[in-house]
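K.L.:
Protein chains in written order, with this note's numbering: chain A, 1359 to 1698; chain B, 1359 to 1698; chain C, 1359 to 1698; chain D, 1359 to 1698.
#1: For the segment 1653–1669 of chain B, which residues have a CB atom closer than 7 Å to at least one CB atom of chain F, in sequence order?
#2: Alpha carbon to alpha carbon, what distance is there between residue 1561 of chain C and residue 1574 of chain C?
#3: Can residue 1391 of chain D and residue 1482 of chain D be called in contact, C-beta distance under 8 Å?
#4: Measure how close the beta-carbons of residue 1443 of chain B and residue 1433 of chain B come, nearest whole angstrom, since I'm counting them as under 8 Å.
#5: Between C/1555, C/1535, C/1558 and C/1557, which has its C-alpha nearest residue 1549 of chain C's C-alpha?
#6: What residues match up with residue 1689 of chain D in a beta bridge as DSSP calls it?
#7: Taking just the CA atoms, how far does residue 1500 of chain A sit from residue 1397 of chain A?
#8: Assign residue 1480 of chain B to one of three DSSP states: helix, strand, or coil.
#9: Is DSSP giving residue 1543 of chain C helix, strand or coil here?
#10: With a CB to CB cut of under 8 Å and the five nearest residues on each side skipped, what residues in its chain are close to residue 1544 of chain B?
#11: Should the segment 1585–1592 of chain D be regarded as contacting the segment 1465–1481 of chain D, the criterion being three or more beta carbon pairs within less than 8 Å?
#12: If contacts are defined as beta-carbon pairs under 8 Å, then residue 1694 of chain A and residue 1399 of chain A qualify, I think. What distance do you get, rounded to the angstrom?
#13: At a CB-CB cut-off below 9 Å, which residues of chain B make contact with residue 1332 of chain A?
#14: So the beta strand (DSSP E) residue 1529 of chain B belongs to, where does it begin and stop?
#15: Using the C-alpha atoms, what's the distance from residue 1491 of chain C back to residue 1642 of chain C?
#16: Could you pull out every residue in the same chain whose Cβ sits closer than 6 Å to the Cβ of residue 1745 of chain C, ignoring the five residues on either side in sequence?
#17: Let me make sure I understand the geometry here. Which of C/1570, C/1596 and C/1365 has the alpha-carbon closest to that of residue 1646 of chain C?
#18: At 9 Å on the CB atoms, spell out the chain D contacts of residue 1616 of chain C, in chain order.
#19: Curious, which full-length beta strand (DSSP E) runs of at least 3 residues does the segment 1413–1448 of chain D contain?
#20: Please list the terminal residues of the continuous alpha helix (DSSP H) segment that includes residue 1610 of chain C.
#21: Please return the same chain residues whose Cβ sits closer than 6 Å to the Cβ of residue 1402 of chain B, not counting the five positions on each side in sequence.
#22: Here's a check: name, in chain order, each residue in its chain whose Cβ is nearer than 7 Å to the Cβ of residue 1420 of chain A, leaving out the five neighbours to either side.
#23: Could you check which residue in C/1437, C/1471 and C/1438 has the C-alpha nearest to that of residue 1452 of chain C?
#24: To the nearest angstrom, how far is it from the Cα of residue 1324 of chain D to the Cα of residue 1609 of chain B?
#25: Using 8 Å as the threshold, is the C-beta distance between residue 1436 of chain A and residue 1389 of chain A below it?
#26: With a CB to CB cut of under 8 Å and the five nearest residues on each side skipped, what residues in its chain are close to residue 1673 of chain D?
#27: Show which residues of chain C have a CB atom less than 8 Å away from the CB atom of residue 1641 of chain A.
#28: Three-state secondary structure (DSSP) at residue 1467 of chain A?
#29: Give the C-beta separation of residue 1601 of chain C and residue 1566 of chain C to the nearest angstrom, bearing in mind that I take them to be a contact with Cβ-Cβ under 8 Å.
#30: I'd like to check one pair, residue 1475 of chain C with residue 1425 of chain C: are the Cβ atoms closer than 8 Å?
#31: Rounding to the nearest angstrom, what Cα-Cα distance links residue 1570 of chain C and residue 1668 of chain C in this structure?
#32: Applying the 10 Å Cβ sphere with the 16-neighbour rule, what's the burial state of residue 1362 of chain A?
#33: For residue 1644 of chain B, which of D/1661, D/1606, D/1616 and D/1438 has the nearest alpha-carbon?
#34: Alpha carbon to alpha carbon, what distance is there between residue 1677 of chain A and residue 1365 of chain A?
#35: Taking all protein chains shown into account, decide if residue 1379 of chain A is buried (16 or more other Cβ within 10 angstroms of its Cβ) or exposed.
#36: Using a beta-carbon distance below 8 Å, is residue 1390 of chain A in contact with chain D?
Structure (structure tokens):
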């Protein structure tokens, strides 16, 4: 195996111009590790922020970015008992979080952040940090799950209990948002989707949005959301932006409502008025992906519900820079790179 | 209003022969009560057991049986604030259970049991013991909800958290079972339905059963259920029968599995072996209908999920004895009596 | 009974000067109501804010303020089944919240706010809006429970699950804070108390504070709290102030930490940085008293744990203005008015 | 290190006569393993059942029994990050259960059962299967925790939520029972202890039992428990015996009560009547020790609450057969073997 060539995209510094294709040896798995041949890698907005240098300023180079990949197990360490050669696996992004509460020091073992990422032909994963891919999904589809789908799933299903008929406001139509839309539909929630594009909103409707709001034409979208819910407010909002947007999210909430902060695309500050917050018993919770057991439960659910991830565009391994540029355009769903 | 005639079916003793049609005055609602004009009444197996004298041996006569009815509010007491005339309502069967834990002494305020039942043109309900009917359901459909649907909902959604992809074994194809089947489907559970009739199993399949087992041709249905789940066992079983059947249910369970005891059609004893029970961390829970808040949540879910109750047969007000006889035949879904 | 005189303190406008003693007839209880002879009334800071006109600007006069009182049932309506004459009861402040989620429109039925308050010899309570007082407490002690104790209890025990050994930061030494300190101790939590007074901190220590911080001499008390927890941060903070103080509270939190907002003595805005909030999976929850079932559970706990409320000072019925002035001084524990 | 001698007690067949002292080489830890020098080992009743051959009939010999030991880390594998040499550790009995749900195939990795046990001078533990011992406990005290304390903790605190003032019936005065008694006291539960010995009941009282029942003089102890709770019944029963005893436990339960099955000393069958079970919404749950996170939380609680395990008797390493015989006498608390 060691005679094979292992292609990677490596950061040698910040900026797209410092992302370079390299070739080296295929790594060897340790006793409890898996050697995985990567088939497809999906991108998240945070990958762009890491490459740009805005998210992890003290990154050590060279560094292989990205966290989400589907691969096939091609070799296993001698003590491995959870997997065998030939299985299709996905990496568990927060590698040392099996279940329950997160590990005490979180970012010690995170794929594509404190650990090396997935933009390589071969990667090594701990056997405790991988899950089986859902059999019904293609390689490209399965590659989209580790961050985007698990974040949506964790916010909707693990951190709370979805109650059919309740309303859920979903911001935008990126990867996490469309997974949230699909899960919400499956659970009988009433999803309200916001976007600045009527065309995207129309596609969201076709995917099952109960209501849509164009926040460009309706900048007071919190008011619009209240109107859509007969003045009661929305039961749950998935916050993707921060700043003033998050403040509006709080205004849009019903009594006993919940704001799950799962992304920051804008201002990193949030300010709000405490009195209605207290009177209405509002909960705000920060979330960041999820644990391995939740990932397994989600994959089981994806099979049972026959869900298919929404893919915006697929790029070849040579087109990684183009794929990253495409990410800035606000895709509708996920961007995936195939390794072939 | 008091000049109107109020028709009822009243028990003057045990047995179908002592169930008699009577006419009296329309009752007056108290300050916090609703006068409800009944439109449709659904039957439950326990109504038959009450009429036969097997469930409540010390019942005081005369007694109007049944618990489940859809009606229209025709008058309200002067302090009523939760409802207004013209609304379609359903009675909350355990009348003094608004939310959370049940009231200390349960059967003090139960419709059709410690309280008078619903087989009358007019009934009086406390305003705290009623909920709005789902607008999308007809009168006949809505009348089926108070016991059968709420029991299934409470066991699947309130007492535990449905995890899509998990398996659920449902016994039979009566009212509760078919509601459980519909809810299970909506939540992405994998329902396995048992019956002694291939024809009913075929209909269950059409309603979304993932697998079916004919317990007549496969008396070791617990073994059959294990085989269908690759030897793992079923995650949740809804027990409707008791006795040896319940013992089989426990054998069919996976580790961390749950047995919800929601009905007794057979032997009232249950015996099982403790060692595997302990090793596999099994939970057995007895359940009995549910609280008003759960009823409200369920109705909201029925709207959002566009569920339609399965009606076996509708009878006229004069056909109550025939309807009760039909109940013994093992209907597929609910039996309803219309008041007109 | 109607020949008796019923003394009250009534607001005829905002400001202490418009709080007047009046006498009228003893009220009659309705069919499901209790007539309660008040023995002791405790004050909360919000009573001062209501009297000053800062909390409910559109209050309708005349209005009897305050919410917390211990009284004896002296008559019951003819349909009352939950209480009998002679029992010592406390009013459930959010009167229509029996259990589970709060009622849809919260402030419709709140004692001393949307409903008339307790500063009268006699008050009328719905039988669903009262609980038995703990037998081991005196009238004065029991009168302190309805808001202060229940708010602390709900934040520590009902909205979350206390884990012995975890740290809890409690702000100040007012009524809610000292109940929180006593409950925290009982559950094996490690309470850290903040105050501007070394003398009060010493008394807090004697009541069981694990650590204390004087925020006057240590304005960076969030840093001090981190230091006391070996850099890990505090697991739970009870926020009483708002504004910059709440921001510091968030800084003091450990990963997976919780901020319960249960009071506002200062700035009503809260602003914080989202990124660490998300990474550390922080939860912020607004809370406002609690439901009747929680009140019953708390009273049972107070008995079992043999807790005694901390009383700062007791005033006579004629001294209500003095008692309200004393409230501004930052008492150590509760202020109570006896009706005799 | 490999020149050192490693003493063990090994089973070469079933029966006490086949338990033999042997000496071999000190084992080497793998890359993610700890070499632990054992200081104290505690016994559980199931150790006796394993040695007698009644619990695991297909055990492979030679086999080192027992599961609970306190030891010091004397060497670590090169990839170990959670522990360092010199720390005092306890083994996590169900080794591959870090948190949340149990692993799919439970008994694959259980200390002293599917894995080799602890009756050796040195043992090797995976770094994921160990926790730090509470600093305030001596070696002998800490050795008692892994099964007895964690079983009691899990049943009282993890699988449910202790509500102060609720009643808990504890059967007997063995290791698990006395831990349950101490935890119950700490949480404000009202523990009722049963035993056949008035002398042991008197000691249980001194440890904080609220009430005691001698089941020899009061064979209808379920009735006695009901009487002690004003006819309401007990909220939670910890079942240690099985068979008829478990049936009595169910009779002793209040509505919404819980029976945690955590031990089997007698008949392994349980039978009960379903109707009251269903009406009263009873829960029966089988439990078997607990996960590592619960172990860590418990140790933190033991520190915060300053709890001290009750030790019945300490034996020397040469006295293992005597210690096992003593186990049959029904000790009051734990039996421990010191390795020196």
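We put the CB at the ideal spot given by N, CA and C, even for glycine.
P.N.:
Straight from the coordinates:
#1: In the structure shown, chain F does not exist; the protein chains are A, B, C and D.
#2: Residue numbering aside, residue 1574 of chain C sits at position 216 when the third chain is read from its first letter. Residue numbering aside, residue 1561 of chain C sits at position 203 when the third chain is read from its first letter. Using only the alpha carbons, I get a separation of about 17 Å.
#3: Along the fourth chain, read from residue 1 onward, the residue named residue 1391 of chain D stands at position 33. Along the fourth chain, read from residue 1 onward, the residue named residue 1482 of chain D stands at position 124. Going by C-beta atoms, residue 1391 of chain D is nearer than 8 Å to residue 1482 of chain D.
#4: Here residue 1443 of chain B refers to the residue found at position 85 when the second chain is read from its first residue. Here residue 1433 of chain B refers to the residue found at position 75 when the second chain is read from its first residue. Contact holds; Cβ gap of about 7 Å.
#5: Along the third chain, read from residue 1 onward, the residue named residue 1549 of chain C stands at position 191. The residue with the shortest Cα to Cα distance from residue 1549 of chain C is C/1535.
#6: The residue you call residue 1689 of chain D lines up with position 331 of the fourth chain. Answer is none; residue 1689 of chain D lacks a bridge partner.
#7: The sequence position of residue 1397 of chain A within the first chain is 39, counting from 1. The sequence position of residue 1500 of chain A within the first chain is 142, counting from 1. For residue 1397 of chain A and residue 1500 of chain A, the distance between alpha carbons rounds to 10 Å.
#8: The residue given as residue 1480 of chain B occupies position 122 in the second chain. Correct three-state label for residue 1480 of chain B: strand.
#9: Taking the first residue of the third chain as position 1, residue 1543 of chain C is located at position 185. In this structure, residue 1543 of chain C counts as helix in the three-state DSSP scheme.
#10: The residue you call residue 1544 of chain B lines up with position 186 of the second chain. Counting only Cβ-Cβ distances below 8 Å, and skipping sequence neighbours, we find 1659, 1663 and 1665.
#11: no
#12: By 1-based counting over the first chain, the position of residue 1694 of chain A is 336. By 1-based counting over the first chain, the position of residue 1399 of chain A is 41. Correct: roughly 7 Å between the Cβ atoms.
#13: Residue 1332 of chain A lies beyond the residue range present for chain A, which begins at 1359 and ends at 1698; the question has no answer from this structure.
#14: Taking the first residue of the second chain as position 1, residue 1529 of chain B is located at position 171. It spans 1525–1529 - the beta strand (DSSP E) in which residue 1529 of chain B sits, taken as one unbroken run.
#15: The sequence position of residue 1642 of chain C within the third chain is 284, counting from 1. The sequence position of residue 1491 of chain C within the third chain is 133, counting from 1. Cα to Cα, residue 1642 of chain C sits roughly 32 Å from residue 1491 of chain C.
#16: Past the edges of chain C, shown from 1359 to 1698, lies residue 1745 of chain C, and the structure says nothing about it.
#17: For the purposes of this step, residue 1646 of chain C is taken as the residue at position 288 of the third chain. Closest option to residue 1646 of chain C, Cα to Cα, is C/1596.
#18: Counting from 1 along the third chain, the entry for residue 1616 of chain C is found at position 258. Result: empty, since nearest Cβ-Cβ is about 16 Å, beyond 9 Å.
#19: 1426–1434
#20: For the purposes of this step, residue 1610 of chain C is taken as the residue at position 252 of the third chain. If you look at residue 1610 of chain C, you'll find it in the alpha helix (DSSP H) that goes 1601–1610.
#21: Taking the second chain and counting its residues from 1, the one referred to as residue 1402 of chain B is at position 44. If we look at residue 1402 of chain B and ignore the five residues flanking it on each side, its Cβ neighbours are 1505.
#22: Within the first chain, the letter at position 62 stands for residue 1420 of chain A. Same-chain partners within the cutoff: 1368, 1369 and 1370.
#23: For this step, residue 1452 of chain C is matched to residue 94 along the third chain. When only C-alpha atoms are compared, the closest one is C/1471.
#24: Past the edges of chain D, shown from 1359 to 1698, lies residue 1324 of chain D, and the structure says nothing about it.
#25: By 1-based counting over the first chain, the position of residue 1436 of chain A is 78. By 1-based counting over the first chain, the position of residue 1389 of chain A is 31. Closer than 8 Å, so yes.
#26: Indexing the fourth chain from 1 puts residue 1673 of chain D at position 315. Hits under 8 Å: 1680, 1681, 1684, 1693, 1694, 1695 and 1696.
#27: Translated into the one-based positions of the first chain, residue 1641 of chain A becomes position 283. Within 8 Å Cβ-Cβ: 1641, 1642, 1643 and 1644.
#28: As a first step, residue 1467 of chain A must be located in the first chain, where it is residue number 109. Residue 1467 of chain A falls in the coil class under three-state DSSP.
#29: Locating residue 1601 of chain C in the third chain gives position 243, counting from the first residue. Locating residue 1566 of chain C in the third chain gives position 208, counting from the first residue. Not a contact, Cβ separation roughly 29 Å.
#30: Counted from its first residue, the third chain places residue 1425 of chain C at position 67. Counted from its first residue, the third chain places residue 1475 of chain C at position 117. Taking 8 Å as the Cβ cut-off, residue 1425 of chain C and residue 1475 of chain C qualify as a contacting pair.
#31: Residue 1570 of chain C sits at position 212 when you count from the first residue of the third chain. Residue 1668 of chain C sits at position 310 when you count from the first residue of the third chain. Cα-Cα distance, rounded: 18 Å.
#32: Within the first chain, the letter at position 4 stands for residue 1362 of chain A. Of the other Cβ atoms in all chains shown, fewer than 16 fall within 10 Å of the Cβ of residue 1362 of chain A; this residue is therefore exposed.
#33: As a position in the second chain, residue 1644 of chain B is number 286, starting the count at 1. Per the C-alpha coordinates, the member of D/1661, D/1606, D/1616 and D/1438 positioned closest to residue 1644 of chain B is D/1616.
#34: Numbered from 1 along the first chain, position 7 holds the residue referred to as residue 1365 of chain A. Numbered from 1 along the first chain, position 319 holds the residue referred to as residue 1677 of chain A. Using only the alpha carbons, I get a separation of about 14 Å.
#35: Within the first chain, residue 1379 of chain A is the residue found at index 21, counting from 1. Residue 1379 of chain A should be labelled exposed.
#36: Translated into the one-based positions of the first chain, residue 1390 of chain A becomes position 32. For residue 1390 of chain A, the answer is yes, since a Cβ of chain D falls inside 8 Å of its Cβ.
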